[in-house]
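Note sheet for the following structure.
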Amino acid sequence: MMATKIAYRTQNMITTTEDKTLAKNPPRDKKNRKTPNNPNKENVTNKIKGKKDEKKDEVVTVNPQKHVEIEDEPLRPNPQKHVVEIEDEPLLRPNPRRFVLFPIQFHEIWKMYKKAEASFWTVEEVDLSKDMNDWEYKLNDDEKFFISHVLAFFAASDGIVNENLVERFSNEVQIPEARCFYGFQIMIENIHSEMYSLLIDTYIKEPSQREYLFDAIETIPCIRKKADWALRWISDKESSFAERLVAFAAVEGIFFSGAFASIFWLKKRGMMPGLTFSNELISRDEGLHCDFACLLFSHLRSRPSIKTVEAIITEAVTIEQEFLTEALPVNLIGMNANLMKKYIEFVADRLLVALGGVKYYNSENPFDFMDLISLQGLLLGIILPIMCLPLMLNSNGLVSDDLSEKSSVRRWIFLRLYFNKRKKKKKGSFIRIFFN
């Protein structure tokens with residue numbers, strides 16, 4: 001007679017007569033704990049057949065509610081299996097040469113670091129002097145409310161990203177090329193945080209209102225909800241590195257996308273030049289950080305299933321859509337809330353494809369002005385450094401101190417002229433600024 005599969009729950013193990021290898025952590029509810037030597041008589045009844053091998057014919061009747069609980073409760077990772085996975089991961093396994101950078105082993109990751117390095121900027125490059133006139137005389141109360149709350153979210157979110165980099169990712173990733181990128185990202189996130197704090201400090205004159213915005217994680221529920229989602233992944237000790245990598249790609253790729261688009265909407269209206277210029281710089285950086293997460297994900301040998309990735313991304317989409325259409329609706333600044341939902345879905349689809357999946361929403365980009373922003377980001381991140389390079393090299397091919405300082409000033413002038421629509425200059429004047 002074929003052996004009947006049985007299932008019973010002990011304090012530390014879910015097992016069957018055919019497979020006793022599936023490890024299980026102890027349940028949190030003390031009331032449901034049972035020891036192997038003292039099973040609950042009300043829930044388990046042993047019926048022993050008259051066979052020579054009584055163990056094979058043993059049948060256990062399990063309480064239906066308990067059976068559902070065991071079936072539906074997600075299994076936690078086997079700690080031993082987790083160790084084996086780390087040993088098999090080139091990015092995560094112990095690396096005794098992690099303190100030495102050369103020779104470069106992961107060239108794509110190193111190129112991403114050098115790309116980030118070439119995009120360095122500081123808050124001193126952003127001129128906020130003309131924003132106050134727009135803030136005082138052109139923006140209505142709803143627009144001021146929206147902008148101030150978006151800035152409050154950004155001011156706190158960069159600190160959360162850094163918390164994850166310092167506490168988790170920098171400790172887990174063992175290759176020096178990726179650690180270089182994370183080190184630079186920590187620095188640039190500090191600049192983002194300084195920029196957003198400076199914007200709040202410049203626009204908001206009432207001290208109590210400033211404190212309210214700086215404490216947004218505690219004082220503004222819709223911002224706290226987004227922050228809690230990100231913080232949950234930092235403290236999660238059971239999810240794999242790959243899952244948390246996807247989660248923070250969603251933070252920087254989805255949680256920021258709608259707010260970036262809303263500020264670019266103001267640029268389309270020709271308002272707040274300092275705010276919109278800083279937004280362009282920061283959105284370019286965050287896009288690069290998201291791309292880096294996708295690059296690391298592609299180097300992992302053990303990755304979560306497509307369904308798991310989709311679950312993380314779609315959860316982030318739902319939170320972001322709620323944030324910008326209900327809690328802090330974009331119609332406060334004249335944007336269409338339904339189009340904003342579509343845009344967030346479009347960004348999520350793009351991220352899913354970058355992570356090796358397929359589109360989930362199949363939404364198109366409803367905001368044409370965001371395509372223009374992408375071209376401007378290309379200018380800032382690639383074309384501009386190439387144009388600046390001849391000015392920074394001397395006859396020996398080395399960086400000249402004098403020209404380096406001069407080119408920095410010229411770069412600043414170029415950026416200000418390019419992005420300030422109020423000053424219409426001929427294209428030739430841009431070239432003369434660089435090469436005269």
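In terms of the UniProt record's numbering, the sequence shown is residues 1 to 436. Think of the CB as a built atom: it goes at the ideal place given N, C-alpha and C, for glycine as much as any other residue.
Annotation for M195: the continuous alpha helix (DSSP H) segment containing it runs 176-203. In the three-state reduction of the DSSP assignment, E364 falls in the coil class.
Pairing D291 with S298, the inter-Cα distance amounts to about 11 Å. For a cut-off of 8 Å, the C-beta gap from K341 to T318 is around 10 Å, too long to register as a contact. Per DSSP, N162 is one residue of the alpha helix (DSSP H) stretching across 141-164. Per the coordinates, the alpha-carbon of A316 lies some 32 Å from the alpha-carbon of D131. Under the DSSP assignment, W110 falls in the alpha helix (DSSP H) whose first and last residues are 107-118. The shortest C-alpha to C-alpha distance from W121 to any of C222, G356, M195 is the one to M195. Between the stretch 162-176 and the stretch 210-225 there are fewer than three inter-stretch CB-CB distances shorter than 8 Å, so the stretches are not counted as touching. Exclusion of the five residues before and after I104 leaves W110, E177 as the residues of its chain whose Cβ lies within less than 7 Å of its Cβ.
Taking C-beta separations shorter than 8 Å and ignoring five residues to either side along the sequence, the partners of L101 in its chain run P176, E177, C180, following chain order. Ranked by Cα distance from L328, the options A152, S235, F106 are led by A152. For I263, the uninterrupted alpha helix (DSSP H) segment begins and ends at 257-268.
Only residues of its own chain outside the window of five on either side were considered, and among them E345, A348, D349 have a CB closer than 7 Å to the CB of Y361, listed in chain order. Contact annotation: the stretch 138-152 touches the stretch 257-274, with at least three C-beta pairs closer than 8 Å.
Judged by DSSP in its simplified three-state form, P304 adopts coil rather than helix or strand. Per the coordinates, the alpha-carbon of P304 lies some 40 Å from the alpha-carbon of F145. If you ignore the 5 residues before and after I254, its C-beta comes within less than 8 Å of the C-beta of I313, A316, V317, E320, I344, V347, A348, L351, all in its own chain and listed in chain order.
Contact check for F248 and N164: beta-carbon distance about 6 Å, within the 8 Å limit, so the pair qualifies.
The C-alpha of P96 is placed about 15 Å away from the C-alpha of D88. When only Cα atoms are considered, G270 and R210 end up about 26 Å apart. Taking the Cα positions, S157 is about 18 Å away from V123. Contact between L128 and G334 does not hold, since their C-beta atoms are separated by about 23 Å, which reaches or exceeds 8 Å.
In the DSSP assignment, V347 falls within the alpha helix (DSSP H) that extends over 337-354.
Residue nearest to V246 within the set L296, I217, P366 is L296 (criterion: CA-CA distance). With a threshold of 16 other beta carbon atoms within 10 Å, S257 meets it and is buried. Take the alpha-carbon of D134 and the one of D215: they are about 26 Å apart. Under the DSSP assignment, A242 falls in the alpha helix (DSSP H) whose first and last residues are 241-250. Per DSSP, I104 lies in no alpha helix (DSSP H) and is assigned neither H nor E. Per DSSP, reduced to three states, the secondary structure at T318 is helical. One alpha carbon belongs to L339, the other to D236, and they sit about 34 Å apart.
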